[in-house]
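Visitor: Have a look at the structure that comes next, please.
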Amino acid sequence: MKISIVRNILEVNESAARENRERLDRAGVVAVNITSAPGSGKTSLLEATVPGLSLEGMCAVIVGDLQTSRDAERIAVLGVESVQINTEGGCHLTASQVSAALDRLDLDGLSFIFIENIGNMVCPAGFDLGEHARVAMLSVPEGDDKIGKYPTLFQPADVIVLNKTDLIGVLDYDLNRVTDDLGRVNTRAPFLRMSVKTGEGIEAWLAWLRGLKV
Amino acid sequence: MHEMSIAVELMREIERAIAGRDIESVEEVSLTIGIMRQVVPEMLETAFGAVAMGTPAEGARLRMEFVAVAGRCRACGSRFEPTADSFLCPRCGQADAEITEGDDIVLTSLTCEERNGASESENQHRSQHS
Chain A
1 MKISIVRNIL
11 EVNESAAREN
21 RERLDRAGVV
31 AVNITSAPGS
41 GKTSLLEATV
51 PGLSLEGMCA
61 VIVGDLQTSR
71 DAERIAVLGV
81 ESVQINTEGG
91 CHLTASQVSA
101 ALDRLDLDGL
111 SFIFIENIGN
121 MVCPAGFDLG
131 EHARVAMLSV
141 PEGDDKIGKY
151 PTLFQPADVI
161 VLNKTDLIGV
171 LDYDLNRVTD
181 DLGRVNTRAP
191 FLRMSVKTGE
201 GIEAWLAWLR
211 GLKV
Chain B
215 MHEMSIAVEL
225 MREIERAIAG
235 RDIESVEEVS
245 LTIGIMRQVV
255 PEMLETAFGA
265 VAMGTPAEGA
275 RLRMEFVAVA
285 GRCRACGSRF
295 EPTADSFLCP
305 RCGQADAEIT
315 EGDDIVLTSL
325 TCEERNGASE
335 SENQHRSQHS
């Protein structure tokens, strides 16, 4: 017996993502999904963002982590609410997990929700969480070949952040290789060179975020 | 290993499709997979094997057909086929592609063994109208 079906098996995630987005729209909250490899500086970026936009009490962070609550603890110090999603080995966040995290937050009075995805350059790429904008981040120590190697992470991104630019000279990093790859993968997203450590590029990042609220 | 969450969703759809039918076992599961999804066939087989354990789909074969990526340039509107590492529009040279194909995973059919021995044609007829 053959049963013919046409079912998009990602529909569950996609409909949960749509619901999240509608819910956030109603509350007037902009959600930003930050994706990168482990160690690119997602949490550090948030540590610079919250004081940079004076978002204390005005934003929340949903942080995905395979194990431990270390990132959530760093976020708590910033004076913003955070919800930890411990995926226990799951390599990306899903829209349903984000929906459950939204249930635990009071959206009234928030301007932004930052979703710190699991550090992974493959799996988070294909899962819409209901965000309004997606950030794809990479950092200099990871090597200058990453955009070419993981194009699906960078292709749908609304902004691309290269962190730890203070190490470019130390590591003989070929910035041209990065911009060449980006020229083939995504010319729509602004490309921000940044060092959270030295502060380079932070102003451009904050300006980009402010633009999302308009 | 996003194949695991794909396997979980696939199993959910299979259960939905066979619910209310007198199915002994699912022999084959056919699906189309867009290559943007970066599914590794062996990984999906392993993940599905684990998820299907103890269900009528335990031991079912996965027949996977891969679908190439197609895109539309947001800058100039032309349609083109991006390659694995290039989303460059051949007409205007911008890399600003909206992915129109090759981004979905679709369950297309199930081949099942029935419990009551009803004929295949009858059931195909029934499934088309359900």
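Those protein sequence lines, which keep their order, are chains A and B. When we follow the numbering used here, the leftmost residue of the first sequence carries the number 1, and every step to the right adds one. When we follow the numbering used here, the leftmost residue of the second sequence carries the number 215, and every step to the right adds one. Note that beta-carbon positions come from the ideal geometry of N, C-alpha and C, so glycine has one too.
1) Looking at the secondary structure, which residues open and close the beta strand (DSSP E) in which A/Q84 lies?
2) Per DSSP, what are the beta-bridge partners of B/L245 in this structure?
3) Following the continuous alpha helix (DSSP H) through A/I75, name the residue where it begins and the one where it ends.
4) Check the Cβ-Cβ distances between A/N186 and every residue of chain B, and say whether any is below 8 angstroms.
5) Which chain A residues are close to B/S219, counting only those with a beta carbon under 9 angstroms from its beta carbon?
6) Quick one: what's A/T43 bridged to in DSSP?
7) Report yes or no: is there a C-beta of chain A within less than 8 angstroms of the C-beta of B/S300?
8) Tell me where the beta strand (DSSP E) around A/N8 begins and ends.
9) Measuring straight from C-alpha to C-alpha, what distance separates B/E227 and A/I9?
10) Which chain B residues are close to A/K42, counting only those with a beta carbon under 8 angstroms from its beta carbon?
11) Would you say A/R21 and A/G130 are within 8 angstroms of each other, going by their C-beta atoms?
12) Beta-carbon of A/V6 versus every beta-carbon of chain B: anything under 8 angstroms?
13) Within 10 angstroms of its Cβ, does B/H343 collect 16 or more other Cβ (buried), or is it exposed?
14) Measuring CB to CB, does B/E217 end up less than 8 angstroms from B/A261?
15) What does B/C345 reach in chain A if we use C-beta pairs closer than 7 angstroms?
16) Mind listing, in chain order, the continuous beta strand (DSSP E) runs of no fewer than 3 residues lying wholly within the stretch 91 to 144 of chain A?
17) Applying a beta-carbon distance threshold of less than 9 angstroms, which residues of chain A neighbour B/R288?
18) Spell out whether any CB of chain A is found under 8 angstroms from the CB atom of B/H343.
19) So, does the CB of B/L276 fall closer than 8 angstroms to a CB anywhere in chain A?
20) Could you tell me which chain B residues have their CB closer than 9 angstroms to the CB of A/G28, listed as they occur along the chain?
21) Quick one: list the residues of chain A neighbouring B/E223, beta-carbon separation under 7 angstroms, in chain order.
22) Any Cβ of chain A within less than 8 angstroms of the Cβ of B/T322?
23) Tell me the rounded alpha-carbon separation between A/L162 and B/D236.
24) Out of A/D166, A/P51 and A/R70, which has the shortest C-alpha to C-alpha gap to A/G201?
25) Per DSSP, what kind of secondary structure is B/R226 in: helix, strand or coil?
26) Using the C-alpha atoms, what's the distance from A/V30 back to A/L232?
27) Beta-carbon within less than 6 angstroms of B/E259's beta-carbon, same chain only, minus the 5 sequence neighbours each way: which residues are those?
Guide: So, from the listed chains and residues:
1) Taking the first residue of the first sequence as 1, we reach residue 84 of chain A at position 84. Segment E81 to N86, the beta strand (DSSP E) holding A/Q84.
2) Your numbering for residue 245 of chain B matches position 31 in the second sequence. The partner list for B/L245 (beta bridge, DSSP) reads B/M278 and B/L321.
3) Position 75 of the first sequence, counting from 1, holds the residue named residue 75 of chain A. A/I75: member of the alpha helix (DSSP H) spanning R70 to A76, first to last residue.
4) Within the first sequence, residue 186 of chain A is the residue found at index 186, counting from 1. So yes, A/N186 belongs to the interface.
5) Walking along the second sequence from the start, residue 219 of chain B turns up at place 5. Contact note: B/S219 reaches chain A through N13, G90, C91, H92, T94, C123 and F127, using a C-beta cutoff of 9 angstroms and chain order.
6) Stepping through the first sequence from its first residue, residue 43 of chain A is reached at position 43. The partner list for A/T43 (beta bridge, DSSP) is empty, contrary to what the question assumes.
7) Start at 1 with the first residue of the second sequence, and residue 300 of chain B comes out as number 86. Yes, because at least one Cβ of chain A sits closer than 8 angstroms to the Cβ of B/S300.
8) Taking the first residue of the first sequence as 1, we reach residue 8 of chain A at position 8. Membership of A/N8 in the beta strand (DSSP E) is indicated by the continuous run K2 to N8.
9) Taking the first residue of the second sequence as position 1, residue 227 of chain B is located at position 13. Taking the first residue of the first sequence as position 1, residue 9 of chain A is located at position 9. Roughly 7 angstroms separates the two Cα atoms.
10) The residue you call residue 42 of chain A lines up with position 42 of the first sequence. Neighbourhood of A/K42 in chain B, by CB distance below 8 angstroms: empty, with the nearest CB roughly 19 angstroms away.
11) By 1-based counting over the first sequence, the position of residue 21 of chain A is 21. By 1-based counting over the first sequence, the position of residue 130 of chain A is 130. A/G130 sits close to A/R21, with the two beta carbons spaced by under 8 angstroms.
12) Position 6 of the first sequence, counted from the first residue, corresponds to residue 6 of chain A. With 8 angstroms as the cut-off, A/V6 counts as an interface residue toward chain B.
13) Here residue 343 of chain B refers to the residue found at position 129 when the second sequence is read from its first residue. Reliability fails at B/H343, whose pLDDT of 45 lies under 50, so the model's placement of it is uncertain and the value that follows must be treated cautiously. Under the 10 Å beta carbon count, B/H343 is surrounded by fewer than 16 other beta carbons and is classified as exposed.
14) Your numbering for residue 217 of chain B matches position 3 in the second sequence. Your numbering for residue 261 of chain B matches position 47 in the second sequence. Against a cut-off of 8 angstroms, the Cβ pair of B/A261 and B/E217 comes out as a contact.
15) Because residue 345 of chain B is not part of the residues shown, which for chain B are 215 to 344, the question remains open.
16) Counting whole runs of 3 or more residues, the stretch 91 to 144 of chain A contains the beta strand (DSSP E) stretches 112 to 116 and 133 to 139.
17) For this step, residue 288 of chain B is matched to residue 74 along the second sequence. From the beta-carbon of B/R288, the residues of chain A found nearer than 9 angstroms are R188.
18) Here residue 343 of chain B is taken as the residue at index 129 of the second sequence, counted from 1. Low confidence applies here, because B/H343 scores a pLDDT of 45, under 50, leaving its location unreliable and the question unanswered by this model.
19) In the second sequence, the residue the question calls residue 276 of chain B occupies position 62. Against chain A, the CB of B/L276 has no partner CB under 8 angstroms away; the residue lies outside that interface.
20) As a first step, residue 28 of chain A is located in the first sequence; it is residue number 28 there, counting from the start. What A/G28 touches in chain B: nothing, since even the nearest Cβ is about 27 angstroms away.
21) Mapped onto the second sequence, residue 223 of chain B falls at position 9. Under the 7 angstroms cutoff, chain A gives I9, L10 and V12.
22) Residue numbering aside, residue 322 of chain B sits at position 108 when the second sequence is read from its first letter. It does: the Cβ of B/T322 has a partner Cβ on chain A nearer than 8 angstroms.
23) In the first sequence, residue 162 of chain A corresponds to position 162, counting from 1. In the second sequence, residue 236 of chain B corresponds to position 22, counting from 1. Cα to Cα, the separation comes out at about 56 angstroms.
24) As a first step, residue 201 of chain A is located in the first sequence; it is residue number 201 there, counting from the start. Taking only the C-alpha atoms, the option nearest A/G201 is A/D166.
25) Taking the first residue of the second sequence as position 1, residue 226 of chain B is located at position 12. In this structure, B/R226 counts as helix in the three-state DSSP scheme.
26) Given a span of 1 to 214 for chain A in the structure shown, any question on residue 232 of chain A remains unanswerable.
27) Translated into the one-based positions of the second sequence, residue 259 of chain B becomes position 45. Excluding residues within five positions, the ones whose Cβ falls inside 6 angstroms are L276.
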